[in-house]
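Right, one structure below, let's go through it.
Written out as structure tokens, the structure is:
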């Protein structure tokens, strides 16, 4: 049994189905509990998702967040309080869950997840990958330099050590950090994880576990050709469609466009 | 029951498996007889292919051609006598077969074939698509202009009316044509079909049945955006990787590279 966490609103239900379909297809012998943290998704949408997941042999576990919980939490101009869901998921998930794999909905899962899922993370809050593109690293280090971070981890794929999080993560510390750094926060949850917990993140290979779909050529060149299309298709677990251009949008173009649309077709043609 | 024809040598056995895997996956409720016309594929390779096809619920039917059959047929510098297999398949296939679908091995089958397969071709020798790229059309019309062809059909996907072919196609006419046009023939079997039988070919939509993987942008622009990635993935039956650059080669790059490698992985991971 493996536990997956997603936190999203209605706009991402279609990409979520594509992500889940790819997860199920490429992990055929696993059983999945899909935890969905949300505040505003409609009842009929949840029922539809429930049937979709059940048709694939998984179970949907709904974690409805009452927005009053975050009444006193500081907010940011362009973000809803949902930015805290990923950070504080450990407070809302069942006590008996020791670990969970958080996945963004703009991801394709194209190989088995078990090696990552079963990884030893005893002394870490998270396992995550940082994107080793020079410009991304430099910009984010400069932006958040007061907080002594070495790498800037991407929070789209997060293996969470819920047990250790319950023991050590403080809600107040997070809220205080947001209050004191409002002007600096661009991607708030990711910035918070990096600024507060960087040293407690186990680093995993981005080419396997958080492959940024925009950088095919970069990965290929910097690996001396090793990380070519053949390698990605046979080894990469998560292809992450980072950035503003999304593969479900009309104007998209990219190396993994045809593959994304392939899984989208399979998801949309699922009978349930 | 549907009959598929392929004619190839050992070099194309791996792409053939990819093509067949995509055919089987996207036509799950069909039964297939796969006719393989060849002269030199080794016994162990044939056995391997037989087991691969059987694992998918299909049947391999081997049509071994004795090269002495074509002893007196004219040859061309860079082509073996295998160039006649596709043209004269009707002579070697079982008498009771009325139609068969010939497919090149550099094809992905990404949607059901039944609408094409069951098409009315009563008064035609073939159904095929021509590639409507202006330069291709012009060059081939000029090159073969003595033979009054309107369109230049691609012979990578050919639905064959074997009954009518048996009644009307003459081996001698083909051999004479080759003798008299040696210097003009670049893609000999395709040139022969176009020059001799153009008016007996039923034209089918290239965007559905012979989508040239090199021309994504061309198809999209000339269809006013209709034939985008979404359309292709959901409607196109055969993506044809025409030209010298093949998706199973290291140096390949193209819009359908990730999709091709996906099916290649599925083919290579088939257990049999």
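Chains as they are written, first to last, in my numbering: chain A, 4 to 275; chain B, 4 to 275. Cβ atoms here follow ideal geometry from the backbone N, Cα and C, with glycine treated the same way.
- Query: Which chain B residues sit within Cβ distance under 7 Å of residue 237 (chain A)?
  - Reply: To locate residue 237 (chain A), count along the first chain from 1; it is residue 234. Going along chain B in sequence order, the residues near residue 237 (chain A) (Cβ under 7 Å) are 268.
- Task: Would you mind giving the Cβ-Cβ distance between residue 162 (chain B) and residue 214 (chain B), rounded to the nearest angstrom? I have them listed as a contact below 8 Å.
- Result: Counting from 1 along the second chain, the entry for residue 162 (chain B) is found at position 159. Counting from 1 along the second chain, the entry for residue 214 (chain B) is found at position 211. Not a contact, Cβ separation roughly 16 Å.
- Query: When burial is assigned at 16 or more other CB atoms within 10 Å of the CB, is residue 250 (chain A) buried or exposed?
  - Reply: Mapped onto the first chain, residue 250 (chain A) falls at position 247. That one is buried.
- Could you spell out where the alpha helix (DSSP H) holding residue 89 (chain B) opens and where it closes? Locating residue 89 (chain B) in the second chain gives position 86, where the first residue counts as 1. From DSSP, the alpha helix (DSSP H) with residue 89 (chain B) extends over 88-91.
- Task: Report yes or no: do three or more beta-carbon pairs, one from the region 41-57 of chain A and one from the region 9-29 of chain A, lie closer than 8 Å?
- Result: yes
- Query: Excluding the five sequence neighbours on either side, which residues of its own chain have a C-beta within less than 7 Å of the C-beta of residue 20 (chain B), listed in chain order?
  - Reply: Taking the first residue of the second chain as position 1, residue 20 (chain B) is located at position 17. Correct list, in chain order: 55 and 270.
- Beta-carbon separation (whole angstroms), residue 200 (chain A) vs residue 128 (chain A), contact threshold 8 Å: Here the question's residue 200 (chain A) lines up with position 197 in the first chain. Here the question's residue 128 (chain A) lines up with position 125 in the first chain. Between residue 128 (chain A) and residue 200 (chain A) the Cβ distance is about 5 Å, and since that is below 8 Å, they are a contact.
- Which of helix, strand or coil does DSSP assign to residue 216 (chain A)? Here residue 216 (chain A) corresponds to residue number 213 of the first chain, with the count starting at 1. Note: residue 216 (chain A) maps to helix in three-state DSSP.
- Query: Can you list the residues of chain B that residue 233 (chain A) reaches, using a CB-CB cut of under 7 Å?
  - Reply: Position 230 of the first chain, counted from the first residue, corresponds to residue 233 (chain A). Simply 264.
- Task: Take residue 34 (chain B) and list the residues in its own chain whose beta-carbon comes closer than 6 Å to its own, dropping the five residues that flank it on each side.
- Result: Reading the second chain from its first residue, position 31 is the one you call residue 34 (chain B). Correct list, in chain order: 4.
- Residue closest to residue 11 (chain B), alpha-carbon to alpha-carbon, out of B:25, B:89 and B:72: Stepping through the second chain from its first residue, residue 11 (chain B) is reached at position 8. For residue 11 (chain B), the nearest C-alpha among the options comes from B:89.
- If you draw a straight line from the alpha carbon of residue 64 (chain A) to that of residue 102 (chain A), how long is it in whole angstroms? By 1-based counting over the first chain, the position of residue 64 (chain A) is 61. By 1-based counting over the first chain, the position of residue 102 (chain A) is 99. Distance between the alpha carbons of residue 64 (chain A) and residue 102 (chain A): 15 Å.
- Query: Can you give the Cα-Cα distance for residue 167 (chain A) and residue 123 (chain A), rounded to whole angstroms?
  - Reply: Here residue 167 (chain A) refers to the residue found at position 164 of the first chain. Here residue 123 (chain A) refers to the residue found at position 120 of the first chain. Residue 167 (chain A) and residue 123 (chain A): Cα-Cα distance of roughly 13 Å.
- Out of curiosity, what's the CA-to-CA distance linking residue 232 (chain A) and residue 155 (chain A)? On the first chain, residue 232 (chain A) is found 229 positions in, with the first residue counted as 1. On the first chain, residue 155 (chain A) is found 152 positions in, with the first residue counted as 1. Looking at the two C-alpha atoms, the distance is approximately 26 Å.
- Query: Cβ of residue 37 (chain A) within 8 Å of Cβ of residue 66 (chain A)?
  - Reply: On the first chain, position 34 is the one that residue 37 (chain A) refers to. On the first chain, position 63 is the one that residue 66 (chain A) refers to. Against a cut-off of 8 Å, the Cβ pair of residue 66 (chain A) and residue 37 (chain A) comes out as no contact.
- Near residue 267 (chain B), which residues of its chain fall below 7 Å by C-beta distance, leaving aside the five closest residues on each side in sequence? Sequence index remark: in the second chain, residue 267 (chain B) carries index 264 (1-based). Answer for residue 267 (chain B): 21 and 251, listed in chain order.
- Item | Spatial distance of residue 170 (chain B) from residue 212 (chain B) (CA atoms) | Residue numbering aside, residue 170 (chain B) sits at position 167 when the second chain is read from its first letter. Residue numbering aside, residue 212 (chain B) sits at position 209 when the second chain is read from its first letter. Distance between the alpha carbons of residue 170 (chain B) and residue 212 (chain B): 26 Å.
- Task: With 8 Å as the threshold, decide whether the Cβ of residue 243 (chain A) is near any Cβ in chain B.
- Result: Residue 243 (chain A) sits at position 240 when you count from the first residue of the first chain. Answer no: the Cβ-Cβ gap between residue 243 (chain A) and chain B never drops below 8 Å.
- Checking contacts by CB at 8 Å: is residue 27 (chain A) closer than that to chain B? Taking the first chain and counting its residues from 1, the one referred to as residue 27 (chain A) is at position 24. Answer no: the Cβ-Cβ gap between residue 27 (chain A) and chain B never drops below 8 Å.
- Message: Does chain C have any CB closer than 8 Å to the CB of residue 274 (chain B)?
- Response: The chain inventory of the structure shown lacks chain C, comprising the protein chains A and B.
- If you count every other CB in all the chains shown that lies within 10 Å of the CB of residue 81 (chain B), and 16 or more means buried, which is it? To locate residue 81 (chain B), count along the second chain from 1; it is residue 78. Label assigned to residue 81 (chain B): exposed.
- Query: If you measure from the beta carbon of residue 259 (chain A) to each beta carbon in chain B, is any gap under 8 Å?
  - Reply: On the first chain, position 256 is the one that residue 259 (chain A) refers to. Yes, contact with chain B.
- Query: For residue 83 (chain A), which of helix, strand or coil comes out of DSSP?
  - Reply: The residue given as residue 83 (chain A) occupies position 80 in the first chain. Coil, per DSSP.
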